[in-house]
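Peer 1: Be aware that the sequence shown starts at 3, since it is given in my numbering, and climbs by one per residue.
From the three backbone atoms N, C-alpha and C, an ideal C-beta is built for every residue, glycine too.
Please read all numbers here as calculations on a predicted model, not as lab measurements.
My questions all concern the structure below.
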Amino acid sequence: MKVSFGTIDVSEKSKRLVNEILNSRRLSGGKYVREFERRFAEVVGTKEAVAVSSGTDAVALALAVLYDFGAQRGDEVIVPALSFVSTGIAPLQAGFKPVFVDVRRDTLNIDPDKIEEKITKKTRAIMPVHLMGKPAEMDKILEIARKHKLYVIEDAAEAHGAKYKGRNAGAIGDMGTFSLYVAHIVSTVEGGIIVTDNSGFAEVLRSLRAHGRACKCRECVINTKNGYCPIRFKCGTDIRFVFERIGFSSKMNELEAAVGLGNLDYYDEIIRKRRKNFFYLQKRFGKFSPFLKTVELLSCEEIGPHAFPIILGEDAKFTRDKFVIYLEENGVDSRNLFSSIPTQCEAFKFLGYKVGDFPNAEYVGNNGIHIGVHQDLGKEHLDYFIELVARFLYEEKR
Ligand SMILES: Cc1ncc(COP(=O)(O)O)c(C=O)c1O
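Put into C-alpha cells, the structure is as follows:
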C-alpha cells in the first residue's frame, strides 16, 4: 500500500475556469484573483486578502509593509528557530534580520518565555509560525508584543483552518500569511496570500507585489484600478511608472486563482477529512509513547491539519533514518520535520550561531518527521501505517 504525503484536487470548476481564462487571453492578475482574494478573506474572517506568488513572498511582503509604518532596513524580527527555511529567508529578503528563538518540544512552536530576552531596540515584529497547523501560544505572544509595541505577523503557511480561542489562525495578529503551494490545504499550485484587517497594510501590499508601484495617483488622489490611474489621461500621470517603495515582482495570475477558487469550494470538506485523519492517528499514537511522540492539542485550539508530526523520544534506541527507511520501504512517504534554521541549515552560518544554541529545535531537527493526513487518505491507509509502526517498534524491541 502507498501512503502519500500530499495531494491536490483540481475541481471541475477549476478546469472550466482555466479554459475560460485561456480563451479570454486575459491571464495576468484580474477579476479571478480579486474573487479569490475576496473569498479567502471571507474564509479566514479578515477584511482584506492580498494574493502573491508564494508563501515565502507573503512573509517577505508582510514584513516589507512595516517600512511604511516606522521600520528601518536592518531592523529585527523574532522568529522560531524550527520551521521551514522560508521563516529565516523571507525576513532577509525583506531587509530584516531574523532573530531566532528556540521552540518548545511539546508544541513545536516558538517558546514565548524565551522571546523577551531577544528583544532589542531594533526589534519591530514577532513572527510566530503555527507549525504543522498547531496554533502558537498567541495570548502570550500578543501580550509581549503589546508591551514592547511590536507588530505580530503570523506565518500560517501550514495552518489553514487552525483556530486559537475561536479565532482563525492568520486573523489574530496584525497580518497573517499563508502558503498556497500544492502540499497545502488551499492551493493555487504555487502561491501565497496575506490577510489583514488593516486596509492601510493591504494597500501597501498591493503596491509591494507590483514592484512598489504607487497605489494612488498623487495628482487625482484616487485609487488606481488594477494598478492604473483610471483618469491618468486627464491628469497626465502615468501611474504605471510611479514607484514609491522597493517592491517585489510577486503577482498571482488568473490561472492560479482559478485553481484556488475551485479548491475553496471544498474547503470545509477537506478540513473535516484531514482533521478526522489527524485525530484517528493521534488517538492510536499514544501507545507508542515514549518512543514516538506527536503533538497534543489544548481545549482552546483547533488543528489546521497540515500533516502529522512524529518525534522520536529520548528513549528510542533506533535512529530516525532507520525509521524513515523502514516506512519508505513499506510505501509510507514522509518528510523530515525541518531543522533548526540558524544552526542546522548551512545557508545561515553567516549569522554566527552555534550548534547547542537552540537545543529543542535541534532535537526536532534531528529526530522529527511528518507524514500526510490529506483528504485522499482513508482509514485503511491509517490502519496500515499504525500497524507498520507497531511492527517496527516490536522488531526494534523499542
Ligand atoms: C511555515 C512555512 N512558512 C513559509 C512557507 C513558504 O511557502 P511557499 O513554499 O509557498 O513559498 C512554508 C512552506 O511550506 C512553510 O511551511
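1. Check whether the Cβ of residue 336 sits closer than 7 Å to any heavy atom of ligand 3, and report yes or no.
2. Please report the Cβ distance between residue 13 and residue 264, rounded to the nearest whole angstrom; I am assuming they are in contact, meaning their Cβ atoms lie under 8 Å.
3. Measuring only the C-alpha atoms, how far is residue 391 from residue 73?
4. Go through the region 24–86 residue by residue and report every complete run of the beta strand (DSSP E) that reaches 3 residues or more, in order.
5. Identify the continuous alpha helix (DSSP H) that holds residue 323 and give its terminal residues.
6. Under 8 Å by Cβ, that's how I've got residue 171 and residue 306 pegged, so tell me the actual separation to the nearest angstrom.
7. When the Cα of residue 88 is compared with those of 304, 350, 151 and 373, which residue comes out closest?
8. Would residue 102 and residue 313 qualify as a contact pair, given that the criterion is a beta-carbon distance under 8 Å?
9. Can you round the beta-carbon distance between residue 120 and residue 80 to whole angstroms, since I take them to be within the 8 Å contact cut?
10. Only counting the same chain, and skipping five residues up and downstream in sequence, which positions put a Cβ closer than 8 Å to that of residue 356?
11. Is the beta carbon of residue 57 less than 8 Å from the beta carbon of residue 180?
12. Should residue 86 be listed as close to ligand 1, given that the test is whether its C-beta is under 7 Å from any heavy atom?
13. Helix or strand or just coil, what does DSSP make of residue 231?
14. Checking the sheet assignment: what are the DSSP bridge partners for residue 2?
15. Between the region 94–108 and the region 44–51, do at least 3 Cβ pairs fall closer than 8 Å?
16. Distance, Cα to Cα, residue 209 vs residue 215?
17. Suppose you measure from the CA of residue 283 to the CA of residue 158; what does that come to, to the nearest Å?
18. Once you ignore the five residues that flank residue 367 on each side, which residues in its own chain have a CB closer than 6 Å to its CB?
19. Compare the C-alpha of residue 3 against each of 204, 254, 381 and 302 and name the closest.
20. For the pair the region 274–293 and the region 24–39, tell me if three or more CB-CB distances fall below 8 Å.
21. Across which residues does DSSP place residue 486 in a beta bridge pair?
22. What ranges does the beta strand (DSSP E) occupy inside the region 130–193, keeping only unbroken runs of at least 3 residues that lie completely in it?
23. Given that a residue counts as buried once 16 or more other Cβ atoms are within 10 Å of its Cβ, and exposed if not, what is residue 371?
24. Have a look at residue 207 and residue 383 and give me their C-alpha separation to the nearest angstrom.
25. Any idea if residue 285 is buried or exposed, counting beta-carbon neighbours within 10 angstroms, 16 or more meaning buried?
26. Roughly how many angstroms lie between the CA atoms of residue 135 and residue 191, to the nearest whole one?
27. Under 7 Å from any heavy atom of ligand 1, does the C-beta of residue 89 make it?
28. From this set, 394, 301 and 243, which residue's C-alpha is nearest residue 293's C-alpha?
29. Would you mind sorting residue 211 into buried or exposed? The rule is 16 or more other CB atoms within 10 Å of its CB.
30. In whole angstroms, what is the alpha-carbon distance linking residue 28 and residue 19?
31. With DSSP as the reference, label residue 393 as helix, strand or coil.
32. Quick check: what's the CA-CA separation for residue 16 versus residue 299?
33. Less than 8 Å between the beta carbons of residue 82 and residue 303, yes or no?
Peer 2: If we stick to the structure as given:
1. By its list of ligands, the structure shown excludes ligand 3, since it contains just ligand 1.
2. 4 Å
3. 49 Å
4. 50–54 and 78–82
5. 322–331
6. 6 Å
7. 350
8. no
9. 6 Å
10. 345
11. yes
12. yes
13. The predicted position of residue 231 is uncertain, since its pLDDT is 49 and thus under 50; no value can be drawn from it.
14. With the chain covering only 3 through 400, there is no way to say anything about residue 2.
15. no
16. 5 Å
17. 23 Å
18. 341, 342 and 346
19. 381
20. no
21. Since the first residue shown for the chain is 3 and the last is 400, residue 486 is missing from the structure and cannot be characterised.
22. 153–157 and 177–181
23. buried
24. 42 Å
25. exposed
26. 19 Å
27. yes
28. 394
29. buried
30. 12 Å
31. helix
32. 34 Å
33. no
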